[in-house]
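**Student:**
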Amino acid sequence: MSSEADIEKIVAQEQGLVFERFDEDIAFALVGHVRDAANAAGKGIAVGVYLWDRTLCIGMTAGASSHNLTWAERKVGTVRLLHKSSYRLVLERGDWLPQEPQNWDAEAVFQQNRYVSKDPWLDKHGKPFQPGSHYFVGGATKMYGAAHFRLRQQDFEELAHFDGTSPAWPLRYADFEPWYQRAEEMYHVHGQRGEDPTEPPCSGPYPHPPVAHEPRMQKLVDDLRAAGLHPFHAPSGVQLDEANMAFSRCRKCNCCDGFPCLVHAKSDAEVLGIRPALACPNVSLLTRAQVKRLHTDASGRTVSGVELERDGEPLTVSGDVVVVSCGAANSARLLLLSANDRHPRGLANGSDQVGRHYMFHNSKAMVALAHEPNRTIFQKTVSINDWYLGDADFDYPMGNIQMTGKTNGTIMKGYAPLETFLMPGWSMDKIAEHALDFWISSEDLPDPNNRVTVTGSGQIQLSYTPNNLTASARLVSRLEGLLDRLYLRKHLVERQFYIANSMGIAAVGHQAGTCRFGSDPATSVLDLNCKAHELDNLYVVDTSFMPTIGAVNPSLTAIANALRVGTHLVERLRG
Ligand SMILES: Cc1cc2nc3c(=O)[nH]c(=O)nc-3n(C[C@H](O)[C@H](O)[C@H](O)COP(=O)(O)OP(=O)(O)OC[C@H]3O[C@@H](n4cnc5c(N)ncnc54)[C@H](O)[C@@H]3O)c2cc1C
Ligand code: SF4
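Note that the sequence shown ends on residue 1803 in the numbering used here; no numbers are left out.
So, in structure tokens, the structure goes:
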């Protein structure tokens, strides 16, 4: 049955189930009637009739299990919580990412781009490129490295950078702190408080102990400490129990960064967001359902219809509240494509802010080759923030350094197919065996001209001009100088790419900022609850809302914000 038909049926059932009088006898007769009908149809069911404060009658037929009853009880719980029956529909343009051997096959993932979703965008010159997009249930988190950093306290304040100013957020770190704590709990983050010199105040410890360094990483940490730095355990979202590996879901393998997790042990949004939500009886998911356009009522204040296409078939659904979470670029695309008479520049875009201030970090992947072999399997355990806010020689923020997943020859060839075309796989493996793989991130500043627009055919055009590159170059030189001193050789090779070939605009993993939140409708798209200023029932909840991106990975901030806005939505729906 389609979800639209599903909803219509529920509405009809609710309308048909109005009684002039209701008591225990009617409840008993009702259950008996439903039971007889189920028996006649040969169906195993559980049926229950409940008043607000007590259960009147429960019946089960042959073939039903305790799950049927649990389902009914959950449904009752939802009604008691929200004071009305409810139905939540999640629309996802992609499908479930299959659990298959190729999940952990570097050639399939990095060379054949098996999990990159075909959807070419245009650059500012109109040249097409394929971004590193992953349209699956769980979105980009299916492929992410699960490094779960909080933004620094200073990232929420106005911060002077070499190239300009990073503006203050309308809410501050203290407003987000409780949600960060909950996000860390929900996403099973492992880490160690008190090691990172830029760590913001936290209301509790990490929910799980830090992921242990393997010997080469411990040696790196010791070397960094000896050089006067403060390396810390990188916060990592994995369902790992090192004290009891026999029962740990996570195997601590070398496929955590850029691969999907074959055993569903990575803390991604499918495993920890969508799947648990679907256990609620009033939540449904429609996959392969690409939302094409949002319609408003005549006043323009309410989204009245969500137009989508599923397997080529058009469908329209509606709801009291509509939440857009398509990722920064695609959320902007959807709002811009939904222009109508009341919103001629695009939905919620009276201020011409939708799509602007696109950010994605100045990031570089760097490989340091050392004499000593690096046999680390799970390499993402070390991070450095000593230069995050600057140093004595450069009084501006530089950014964060962390380890990437351990590379091998196949991954390196996938990163740079042209440069490595003539090199045999074994020689690349040899290089990788001696490589320390770093990820270096600096903040790119929000620029209104760095923006997402859509062409007449609905294609995304991303106009982006890099900024704040001096900070990034300084951070690279800090790491280079340090490693030269540590390993006495100048062997740092720049590997300028993430999933895509270069860290150019195709590397969209950290995209953010196209629908910034704020108090002033003239300069922001969303209010402080991430509701569109110009509409009463439209929310945008993903990395779009971020006014600045800081220099640490964005997803923990997006998750914390989703929990914050989610709580607001529960209160709103409760009425
Ligand atoms: C390789 C890689 C590594 C990364 N590593 C890290 C890391 O270690 N730490 C970190 O913090 N971040 C990391 N990130 C970034 C992180 O994954 C993103 O910040 C995060 O997933 C953003 O969440 P989102 O909800 O904004 O968007 P997404 O995760 O992109 O989710 C958007 C969803 O909307 C769906 N969608 C889009 N348009 C439509 C439409 N029209 N109709 C219906 N559905 C639609 C998409 O299919 C997708 O499922 C990484 C990203 C990548 C690609
Ligand atoms: S390290 Fe753990 S969470 Fe990551 S891919 Fe391997 S098993 Fe999955």
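By construction, the Cβ of each residue, glycine as well, lies at the ideal position given by its N, Cα and C atoms.
Just checking, does the region 1692-1699 make contact with the region 1673-1681 on the three C-beta pairs under 8 Å criterion?
**Tutor:** Yes, the region 1692-1699 touches the region 1673-1681.
**Student:** In this structure, does DSSP put S1655 in helix, strand or coil?
**Tutor:** Position 427 of the sequence shown holds residue 1655. DSSP places S1655 in helix when its eight states are reduced to three.
**Student:** Taking only the alpha-carbon atoms, compute the straight-line gap between A1598 and D1450 and give it to the nearest angstrom.
**Tutor:** As a working note, residue 1598 is residue 370 in the sequence shown. As a working note, residue 1450 is residue 222 in the sequence shown. Between A1598 and D1450, the C-alpha separation is close to 16 Å.
**Student:** For T1530, which three-state DSSP category applies?
**Tutor:** The residue given as residue 1530 occupies position 302 in the sequence shown. Of the three classes helix, strand and coil, the one that applies to T1530 here is coil, per DSSP.
**Student:** Spell out the partners DSSP gives E1537 in its beta bridges.
**Tutor:** For the purposes of this step, residue 1537 is taken as the residue at position 309 of the sequence shown. Bridge partners of E1537: Q1518, P1542.
**Student:** At the level of alpha carbons, what is the spacing between E1405 and E1541?
**Tutor:** The residue labelled residue 1405 in the question sits at position 177 within the sequence shown. The residue labelled residue 1541 in the question sits at position 313 within the sequence shown. Approximately 44 Å, taken between the alpha carbons.
**Student:** Ligand 4 and V1499: does the residue's C-beta get closer than 6 Å to at least one heavy atom of that ligand?
**Tutor:** Among the ligands in the structure shown, ligand 4 does not appear; only ligand 1 and ligand 2 can be found there.
**Student:** By alpha-carbon positions, which one of G1486, A1560, R1400, D1424 ends up nearest to V1337?
**Tutor:** On the sequence shown, residue 1337 is found 109 positions in, with the first residue counted as 1. Cα-wise, what sits closest to V1337 is G1486.
**Student:** Just reading off the alpha helix (DSSP H) that N1628 is part of, what are its end residues?
**Tutor:** Counted from its first residue, the sequence shown places residue 1628 at position 400. Here N1628 belongs to no alpha helix (DSSP H); instead the beta strand (DSSP E) covers 1628-1631.
**Student:** Taking only the alpha-carbon atoms, compute the straight-line gap between A1300 and R1570 and give it to the nearest angstrom.
**Tutor:** For the purposes of this step, residue 1300 is taken as the residue at position 72 of the sequence shown. For the purposes of this step, residue 1570 is taken as the residue at position 342 of the sequence shown. The straight-line gap from Cα to Cα measures roughly 43 Å.
**Student:** Suppose the cutoff is 8 Å on Cβ atoms and the five residues either side in sequence are ignored; what does the same chain contact list for N1296 look like?
**Tutor:** Counted from its first residue, the sequence shown places residue 1296 at position 68. Answer for N1296: G1272, I1273, A1274, M1288, listed in chain order.
**Student:** Please classify F1725: does DSSP put it in a helix, a strand, or coil?
**Tutor:** If you number the sequence shown from 1, residue 1725 lands on position 497. With a pLDDT of 34 at F1725, under the threshold of 50, the predicted position of this residue should be treated as unreliable, though the coordinate-derived value follows. The answer is coil: DSSP assigns F1725 none of H, G, I, E or B.
**Student:** Heavy atom of ligand 1 less than 6 Å from the Cβ of S1553, yes or no?
**Tutor:** Position 325 of the sequence shown holds residue 1553. Indeed, a heavy atom of ligand 1 lies less than 6 Å from the Cβ.
**Student:** In chain order, what residues of the same chain have a beta carbon less than 7 Å from the beta carbon of G1528, not counting five sequence neighbours either side?
**Tutor:** Working through the sequence shown from its first residue, we reach residue 1528 at position 300. Hits under 7 Å: R1570, H1571.
**Student:** Are V1531 and L1766 close, meaning C-beta to C-beta below 7 Å?
**Tutor:** Mapped onto the sequence shown, residue 1531 falls at position 303. Mapped onto the sequence shown, residue 1766 falls at position 538. It is a contact, given that the beta carbons lie within the stated cut-off.
**Student:** Leaving out the 5 sequence neighbours to the left and right, which residues in its chain are closer than 8 Å to Q1689 when beta-carbon positions are compared?
**Tutor:** Numbered from its first residue, the sequence shown carries residue 1689 at position 461. Around Q1689: W1349, L1350, D1351, K1352, G1354, V1680, T1681, V1682, T1683.
**Student:** For Q1409, report the span of its alpha helix (DSSP H) as first-last.
**Tutor:** Taking the sequence shown and counting its residues from 1, the one referred to as residue 1409 is at position 181. It spans 1401-1414 - the alpha helix (DSSP H) in which Q1409 sits, taken as one unbroken run.
**Student:** When burial is assigned at 16 or more other CB atoms within 10 Å of the CB, is E1248 buried or exposed?
**Tutor:** On the sequence shown, residue 1248 is found 20 positions in, with the first residue counted as 1. Under this definition E1248 is an exposed residue.
**Student:** Alpha carbon to alpha carbon, what distance is there between C1430 and N1472?
**Tutor:** If you number the sequence shown from 1, residue 1472 lands on position 244. If you number the sequence shown from 1, residue 1430 lands on position 202. Those two C-alpha atoms are separated by around 28 Å.
**Student:** Can the beta-carbon of A1576 be found closer than 7 Å to that of E1708?
**Tutor:** By 1-based counting over the sequence shown, the position of residue 1576 is 348. By 1-based counting over the sequence shown, the position of residue 1708 is 480. Their beta carbons are not under 7 Å apart, which means A1576 does not touch E1708 by this criterion.
**Student:** Ligand 2: which residues have Cβ under 5 Å from any of its heavy atoms, chain order?
**Tutor:** Having a Cβ closer than 5 Å to some heavy atom of ligand 2 are V1466, C1478, R1479, C1481, C1483, C1484, C1489, A1493, K1494.
**Student:** Kindly list the residues whose CB is nearer than 8 Å to the CB of T1393, restricted to its own chain and excluding five residues on each side of it in sequence; keep chain order.
**Tutor:** As a position in the sequence shown, residue 1393 is number 165, starting the count at 1. So the list reads E1386, L1387, L1673, once near-sequence residues are dropped.
**Student:** Rounding to the nearest angstrom, what Cα-Cα distance links N1729 and N1341 in this structure?
**Tutor:** Counting from 1 along the sequence shown, the entry for residue 1729 is found at position 501. Counting from 1 along the sequence shown, the entry for residue 1341 is found at position 113. Because the pLDDT of N1729 is 34, which lies under 50, any placement of that residue in the model is unreliable, and the number read from its coordinates should be weighed accordingly. Straight-line Cα distance between these residues: approximately 11 Å.
**Student:** Please give the ranges of any alpha helix (DSSP H) in the region 1552-1581, keeping only runs that are unbroken, at least 4 residues long and fully inside the region.
**Tutor:** Those alpha helix (DSSP H) runs which fall completely within the region 1552-1581 and span 4+ residues are 1556-1565.
**Student:** Any beta carbon of chain B sitting closer than 7 Å to that of W1667?
**Tutor:** Annotation note: the requested chain B is absent from the structure, which comprises a single protein chain.
**Student:** Put M1640 into one of helix, strand or coil per three-state DSSP.
**Tutor:** What you label residue 1640 is simply residue 412 of the sequence shown in a count that begins at 1. Looking at M1640 - three-state DSSP - the assignment turns out to be helix.
**Student:** Buried or exposed: where does Q1327 fall if 16 or more other Cβ atoms within 10 Å of its Cβ makes it buried?
**Tutor:** Numbered from its first residue, the sequence shown carries residue 1327 at position 99. Result: exposed.
**Student:** Could you have a look at M1229 and say whether DSSP puts it in helix, strand or coil?
**Tutor:** Taking the first residue of the sequence shown as 1, we reach residue 1229 at position 1. In this predicted model, M1229 has a pLDDT of only 48, less than 50, meaning its place in the structure is not dependable enough to derive any value.
**Student:** Among P1509, G1533, A1455, which has the Cα closest to the Cα of R1706?
**Tutor:** Your numbering for residue 1706 matches position 478 in the sequence shown. Ranking P1509, G1533, A1455 by Cα distance to R1706 puts A1455 first.
**Student:** Any chance the CB of L1797 is under 6 Å from a heavy atom of ligand 1?
**Tutor:** Start at 1 with the first residue of the sequence shown, and residue 1797 comes out as number 569. No.
**Student:** Starting from L1452, trace the alpha helix (DSSP H) both ways and give me its first and last residue.
**Tutor:** In the sequence shown, the residue the question calls residue 1452 occupies position 224. First-last of the alpha helix (DSSP H) with L1452: 1443-1454.
**Student:** Go through its chain and collect everything with a Cβ distance to G1574's Cβ below 7 Å, but skip five positions before and after it.
**Tutor:** Numbered from its first residue, the sequence shown carries residue 1574 at position 346. L1563, L1564, S1566, A1567, V1582.
**Student:** Return the CA-CA distance between L1452 and D1614, expressed in angstroms with no decimal places.
**Tutor:** On the sequence shown, residue 1452 is found 224 positions in, with the first residue counted as 1. On the sequence shown, residue 1614 is found 386 positions in, with the first residue counted as 1. C-alpha separation (whole angstroms): 11 Å.
**Student:** DSSP beta-bridge partners for F1357?
**Tutor:** The sequence position of residue 1357 within the sequence shown is 129, counting from 1. Paired residues: W1349.
**Student:** What does W1667 pair with, by DSSP beta-bridge criteria?
**Tutor:** Translated into positions along the sequence shown, residue 1667 becomes position 439. In DSSP, W1667 forms a bridge with A1593, Q1630.
**Student:** Any heavy atom of ligand 1 inside 6 Å of the beta-carbon of N1558?
**Tutor:** Here residue 1558 is taken as the residue at index 330 of the sequence shown, counted from 1. N1558 Cβ: within cutoff of ligand 1.
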